[in-house]
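**Q** Here it is: the structure, laid out below.
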Amino acid sequence: MGTQRNQYPPWSPRFWNGLRLTHLWRLLNEHRWRISPIKYPMTVLVNGCGVFNSLLASIQRLCLERALLETELFAPPVFIVGHWRSGTTLLHELMSLDNQVTSPGNFEAFVPHHALVSRIFLKPFVNILLPRKRPMDDMGLAANSPQEDDFALISMGAATPYRDIAFPNDRMHQSLSYDFDQLSSAEQQGIRDSLNYLYRLLTKLYGKRLILKSPPHTSRIAHLAEWFPGAKFIHISRNPMQLVPSTLKLWSALDETQGFQWPRYSSEELAQFVHRSQSQLYGGYFRQRQRLPADSLAEIKFEDLLQDPEKTLERTYQQLSLPGWDLVRDSIPGYFAQRSHLRPKSEPDQRWLSAIRQHWTDYAVEFGYDLI
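Heads up, the sequence shown is in my numbering, so the first residue is -14 and it goes up one at a time.
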C-alpha cells in the first residue's frame, strides 16, 4: 500500500501467540498450511507458544473452572461498536478513565484461557515484548491497554472474522463472516460461550462493570442485548472519506505483521474487501438496532468527540443513564494533554473517491455525512 507505519519487531507477540495447539492447528489446516517462507520463523514460534498455552489452560481449567462458572457479572456491560478506524479505541480509552469500570487489557484478551494463573509471571514479560505504539497509528500499546474482546475469541477458537487475518491472500477470495446473522447456530453459540467465559474471568479479576469494544460486535448488538440483559451500546461513526483510507492502512499493516502469508493482493483487491466487509457489518447493524430499547443505544460521531469530548460524552452518559461521568469528565483534559501529538492523518486518495461514494452511501446517509 505504500503507507507509512510504525515498526512491529519480529519478537513482539502476534495474534496467534495465545492459541492452544489444537486451535492453532485447526486454523492452519483450514488453509492447508499455505504459509509464506518468510513467515516460517513466526510459525515455529507460535507453535511453541501453543504447547505452553495448552499446558497453562489445562491448569486454569482444573483449578479455577468452577469458580469462573459461579461468577456473576458485576453489572450489565457497555459495548462500544463501530467500523474500524472510526474512533472506537479513543472512546474506549476515554470511558476507561473511570476507575469504577474495567476492560480486557491486551494480556487478558490474548490469553483468556490461562490469564488467571499466568498473569503474575507472564504479564510483565509480555509488556516488555510489545512495541510502544500500534503499527497503524500513534496510539500507545501495553499489556494493560484496553483491547478488543474479539481477540479473545481468536484464542478460544471461536468464529471471529479476525481469524481471516492469518491468511490475508485467502481472505480476498472467500466468503466473509462480518454479518453475525449469517453464521451457523454452532458458530453463534461458540461466540456466546467464549464471551461469557471472558466476561466472567474479567469480573473475577476486577469486580467492576465492563466497558467492551470490538468492531465485529456492530453486527451482533441484538444478540448481545439478549445474552447480557440491560447492556448498553454506543456506536461511533466517522466520515467515510477519512475512514476508508485509514482502514486500508490498518489492514495492510495487520496483514504484513500478523499474517502467516505475505500479502500479494493489489490495492484494488484490498479496497474491495473493505467495501464488502462494511456492507456485511452494517447490514447486520441496521437490521438489529431496531430491536434495541431506545434507552440502550447512543450514536455519536468521531468528529464531535474530537471537537468537544466533554459535551459529546456527557450527552451520551445522560442518554444511557450511565454512572461515572464525573470521574471521566475530570480526567479528560489530562488525557488529551498527554496525547497532543495524536491527529487524524488519513486523507482520501483520489482513485478511491468514486468507490467510496458507490459503496458507502447508506452509511453516509444514516450517520449524516456528505460524500463530496
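For every residue, glycine included, the Cβ atom is placed at its ideal position computed from N, Cα and C. Just so you know, these numbers come straight off a predicted model, no measurement behind them.
Have a look at Ala144, Thr188, Leu190 and Gln304 and flag the residue whose alpha-carbon is nearest the alpha-carbon of Ile176.
**A** In the sequence shown, counting from the first residue as 1, residue 176 sits at position 191. Checked all of Ala144, Thr188, Leu190 and Gln304; the closest Cα to Ile176 is Ala144.
**Q** For Lys360, name the three-state secondary structure that DSSP assigns.
**A** Outside the shown range of the chain (-14 to 357) lies residue 360, about which nothing can therefore be said.
**Q** Nearest by alpha-carbon distance to Gln243: which of His344, Glu15, Pro26 and Thr7 is it?
**A** Reading the sequence shown from its first residue, position 258 is the one you call residue 243. Looking at the Cα atoms, Pro26 is the closest of the given residues.
**Q** Just to confirm the assignment, what range does the alpha helix (DSSP H) spanning Leu54 have?
**A** Here residue 54 corresponds to residue number 69 of the sequence shown, with the count starting at 1. Per DSSP, Leu54 belongs to the alpha helix (DSSP H) from Tyr25 to Leu54.
**Q** Quick one: what's got a C-beta closer than 6 Å to Trp1's C-beta in the same chain, skipping five residues either side?
**A** The residue you call residue 1 lines up with position 16 of the sequence shown. Counting only Cβ-Cβ distances below 6 Å, and skipping sequence neighbours, we find Val31.
**Q** In chain order, what residues of the same chain lie with their CB nearer than 6 Å to the CB of Gln265, ignoring the 5 residues before and after it?
**A** As a working mapping, residue 265 is identified with position 280 in the sequence shown. Cβ neighbours of Gln265 beyond the five flanking positions: Leu161, Tyr163 and Asp164.
**Q** Given 8 Å as the limit, is there contact between the region 296 to 313 and the region 79 to 88, that is, 3 or more CB pairs closer than that?
**A** These segments touch.
**Q** Just to confirm my understanding: we take Asp355, look at its own chain, exclude 5 residues before and 5 after, and list those with CB closer than 8 Å. What are they?
**A** Residue numbering aside, residue 355 sits at position 370 when the sequence shown is read from its first letter. Correct list, in chain order: Ala349.
**Q** Which of helix, strand or coil does DSSP assign to Ile357?
**A** Translated into positions along the sequence shown, residue 357 becomes position 372. Residue state, collapsed to three classes: coil.
**Q** Note the first and the last residue of the continuous beta strand (DSSP E) segment covering Leu282.
**A** Your numbering for residue 282 matches position 297 in the sequence shown. Note, Leu282: beta strand (DSSP E), Leu282 to Lys286.
**Q** In angstroms, rounded to a whole number, what distance separates the CA positions of Trp345 and Leu4?
**A** Numbered from its first residue, the sequence shown carries residue 345 at position 360. Numbered from its first residue, the sequence shown carries residue 4 at position 19. Between Trp345 and Leu4, the C-alpha separation is close to 35 Å.
**Q** Check whether the region 296 to 310 and the region 239 to 257 touch, using three or more Cβ-Cβ pairs below 8 Å as the test.
**A** No, the region 296 to 310 does not touch the region 239 to 257.
**Q** Within the chosen definition, does the region 198 to 207 reach the region 46 to 56 through at least 3 CB pairs nearer than 8 Å?
**A** Contact fails: fewer than three Cβ-Cβ distances are below 8 Å.
**Q** Return the bridge partner residues of Ile219 from the DSSP annotation.
**A** Within the sequence shown, numbered from 1, the residue matching residue 219 stands at position 234. Ile65 and Ala283, per the DSSP bridge assignment.
**Q** Give me, in chain order, the residues of the same chain whose beta-carbon lies closer than 8 Å to that of Gln303; leave out the 5 immediate sequence neighbours on both sides.
**A** In the sequence shown, the residue the question calls residue 303 occupies position 318. Closer than 8 Å at the Cβ level, and outside the excluded window around Gln303, lie Trp310.
**Q** So, helix, strand or coil for Val86, using DSSP?
**A** Within the sequence shown, residue 86 is the residue found at index 101, counting from 1. Correct three-state label for Val86: strand.
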